[in-house]
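Accompanying notes for the structure given below.
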Amino acid sequence: MITLYGGPTPNARKVAIALEEMDLSWRLELIDILAGDQFRPDFLKLNPNNKAPVIVDDEPADGGPPLVLSESGAILWYLAEKTGRFLPTEARARAVCHQWLMFQMSGVGPMFGQNAHFSFYAKDKHPYSIDRYANEVTRLLRVLDGRLAEVPYLAGDDYTIADMATWPYTLRQVELRAAEFPNLKRWFDRVAARPAVQRGVEVGRETLRKETIEGGLAGLSDEQRSILFGDRQYAVR
Ligand SMILES: N[C@@H](CCC(=O)N[C@@H](CS)C(=O)NCC(=O)O)C(=O)O
Numbered sequence: 003m004i005t006l007y008g009g010p011t012p013n014a015r016k017v018a019i020a021l022e023e024m025d026l027s028w029r030l031e032l033i034d035i036l037a038g039d040q041f042r043p044d045f046l047k048l049n050p051n052n053k054a055p056v057i058v059d060d061e062p063a064d065g066g067p068p069l070v071l072s073e074s075g076a077i078l079w080y081l082a083e084k085t086g087r088f089l090p091t092e093a094r095a096r097a098v099c100h101q102w103l104m105f106q107m108s109g110v111g112p113m114f115g116q117n118a119h120f121s122f123y124a125k126d127k128h129p130y131s132i133d134r135y136a137n138e139v140t141r142l143l144r145v146l147d148g149r150l151a152e153v154p155y156l157a158g159d160d161y162t163i164a165d166m167a168t169w170p171y172t173l174r175q176v177e178l179r180a181a182e183f184p185n186l187k188r189w190f191d192r193v194a195a196r197p198a199v200q201r202g203v204e205v206g207r208e209t210l211r212k213e214t215i216e217g218g219l220a221g222l223s224d225e226q227r228s229i230l231f232g233d234r235q236y237a238v239r
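Sequential numbering from 3 applies to the sequence shown in the numbering used here.
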């Protein structure tokens, strides 16, 4: 059994989608990051970086003690190796898959996150920061759209963990800007049609708050700001 610690956030959704795609037996341990669950001592033991997702695999392939893993890209890679699925075996194709996985982890994830921070969550609206990350988002969307003009999936002909990593991050952008990125939109719909994706994206849906982007952004409370970006986030533990 695998336990996924997370909630309705893009990074946890990647993992829920992978667990569903790979037909693994798993359960959710909800981590509500707007309530500060990521600072609970039991969670910090699993990930001192106070970020979800984390998985605990009770039955790792080496027969050793339960494996605790954080960082969504590393988790996807681990699960793909564990099951032998959604990661090409041939060296060249595998390298390309890793390239697009890293593109998501180092580019799409952080830049889309900063864009949301400065455009929506920051109390002070700082034009330079807003422009910087909005421009990065547009640039990265263009790169994705260009790639998907050439191939059906990010790694090439086959659907892989690179698609699972990227898809949850494009939900909002595709909703707003589908006409600008037609190849991305075609890929988005192809991935969205997968039953495992439809199940995975629902992870912790019942706790999705109006304060978050997908919930319509009613604005964070001061307490939530402190948890995510202020005193509680930066407290010495
Ligand atoms: N690089 C990490 C990022 C994880 C991350 O930023 N998780 C967010 C939710 S999407 C979180 O747990 N935030 C809680 C916090 O910052 O306190 C990954 O890919 O897993």
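A virtual CB, placed ideally from N, CA and C, is assigned to each residue, including glycine.
The model shown is predicted, which means the values in this text are computed figures rather than measured ones.
Would residue i and residue j be called neighbours here (beta carbons separated by less than 8 Å)?
i, j, result
"Pro-240", "Thr-162", "Any property of residue 240 remains undetermined from this structure, which presents the chain solely from 3 to 239."
"Phe-122", "Val-139", "no"
"Ile-229", "Gly-38", "yes"
"Ala-14", "Ala-54", "yes"
"Glu-213", "Gln-226", "yes"
"Val-203", "Leu-30", "no"
"Leu-21", "Leu-32", "no"
"Ile-215", "Arg-179", "no"
Just how far apart, CA to CA, sit residue i and residue j?
i, j, result
"Leu-69", "Ile-57", "8 Å"
"Gly-158", "Arg-96", "10 Å"
"Pro-197", "Arg-134", "36 Å"
"Asp-59", "Tyr-80", "10 Å"
"Leu-219", "Arg-94", "42 Å"
"Gly-221", "Phe-231", "14 Å"
"Leu-71", "Pro-43", "17 Å"
"Leu-243", "Phe-41", "The displayed coordinates of the chain run from 3 to 239. Any statement about residue 243 would go beyond what the structure contains."
"Gln-101", "Arg-141", "17 Å"
"Gly-109", "Pro-154", "21 Å"
"Asn-137", "Gly-148", "16 Å"
What would DSSP say about residue i, mapped onto helix, strand or coil?
i, result
"Asp-224", "helix"
"Thr-5", "strand"
"Glu-92", "coil"
"Arg-87", "coil"
"Val-70", "strand"
"Arg-29", "strand"
"Gly-75", "helix"
"Gly-111", "helix"
"Tyr-135", "helix"
"Gly-158", "strand"
"Thr-168", "helix"
"Pro-12", "helix"
"Gly-148", "helix"
The alpha helix (DSSP H) spanning residue i covers which residue range?
i, result
"Val-193", "184-194"
"Gln-200", "197-202"
"Phe-45", "43-48"
"Gln-235", "233-236"
Over what stretch of residues does the beta strand (DSSP E) that includes residue i continue unbroken?
i, result
"Ile-57", "56-59"
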